[in-house]
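Each remark here refers to the structure printed beneath this line.
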């Protein structure tokens with residue numbers, strides 16, 4: 226009898242161990258497969274001369290954007306797409322290339338972030354499961370429309386305005402007091418809408434999904450960890466869609482964002498409970514508004530008047 230119980234315990238432990246390992250194995254396998262596919266399909270752009278030649282001032286700018294955006298996203302549970310897209314648009318990168326670059330980079334950074342949050346025990350698995358499929362459906366739909374249907378130059382001002390709306394949402398959530406815990410309804414709709422707007426606008430998953438859940442009084446640690454983990458699937462789905470329908474452009478943007486984000490991901494996961502959220506959220510919101518105004522040419526217009 227004791228032998229049977231011991232064997233069952235071993236099997237149970239092995240089963241739990243395997244499930245835990247899958248949280249790391251699945252993202253790693255997907256990312257290795259993705260990287261191998263990119264290198265195989267674009268090997269001419271991965272030569273040593275091309276790689277070394279890519280390390281110029283622009284690359285360092287994209288690298289710095291990747292670090293900052295991931296630190297924001299990993300600690301606040303929102304803001305990677307909004308922050309990086311705002312910087313890229315303000316720098317003059319076209320919307321389609323910006324959104325593609327952000328989402329291809331997010332395939333790697335969110336993978337690193339998901340593994341890091343799992344490592345630090347920040348994930349609510351039930352919440353994660355409720356967000357996954359609806360979020361993927363919304364992101365694929367939005368990515369297809371931006372890559373194959375919507376004209377980038379036409380939508381650029383609307384994206385900048387959308388980013389300012391997201392910034393106001395972030396600041397408003399930061400200033401709210403006495404949040405009463407409420408039951409979260411229509412998680413599927415929330416995830417679908419967040420995934421769609423994230424793909425079309427180049428950001429929004431965190432500000433829409435995380436801010437709504439936090440606004441309903443959910444635990445910040447598990448909300449941020451779960452939403453960031455779900456974002457891996459959302460970003461992977463939209464990134465693949467961009468590749469299929471729009472191709473890959475802007476390698477300096479992508480590699481810079483990836484390297485910066487992967488380096489910052491474990492640091493952000495560690496800092497998630499160690500920073501003051503409200504000042505950081507207000508700062509990020511104001512920064513996004515300034516960058517969006519620059520994209521709209523408001524500062525040039527005011528300079529011309531003066």
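In our numbering, the protein residues as written are 226 to 531.
Each residue gets a CB set at the ideal place from its N, CA and C atoms; glycine is no exception.
Since this is a predicted model, take the numbers as computed values, not measurements.
Rounded to whole angstroms, residue 432 and residue 441 show a C-alpha spacing of 14 angstroms.
Nearest in C-alpha terms to residue 449, of all of 417, 439 and 386, is 439. Proximity to residue 329 across 360, 482, 292 and 519 peaks at 482, based on C-alpha coordinates. Contact annotation, residue 255 with residue 489: C-beta distance approximately 20 angstroms; criterion of less than 8 angstroms not satisfied. Taking the C-beta atoms as reference points, residue 503 is found no nearer than 9 angstroms to residue 337. Look at the beta carbons and you see the region 500–519 touching the region 295–310: at least three pairs across the two are nearer than 8 angstroms. Between residue 511 and residue 396, the alpha-carbon positions lie close to 8 angstroms from each other. In this structure, DSSP gives residue 303 a state outside helix and strand, which the three-state scheme calls coil.
By the Cβ rule, the region 462–469 counts as touching the region 361–369, because three or more pairs are nearer than 8 angstroms.
Runs of the alpha helix (DSSP H) spanning 4 or more residues and lying entirely within the region 398–451 occur at 412–426 and 436–440, in chain order. By a beta-carbon distance limit of 8 angstroms, residue 304 contacts residue 509. Their separation comes to about 5 angstroms. Ranked by Cα distance from residue 477, the first of 325, 357 and 293 is 325. In terms of Cβ geometry, residue 484 and residue 299 do not form a close pair [threshold 9 angstroms].
If one requires a minimum length of 3 residues, no beta strand (DSSP E) run lies completely within the region 501–527.
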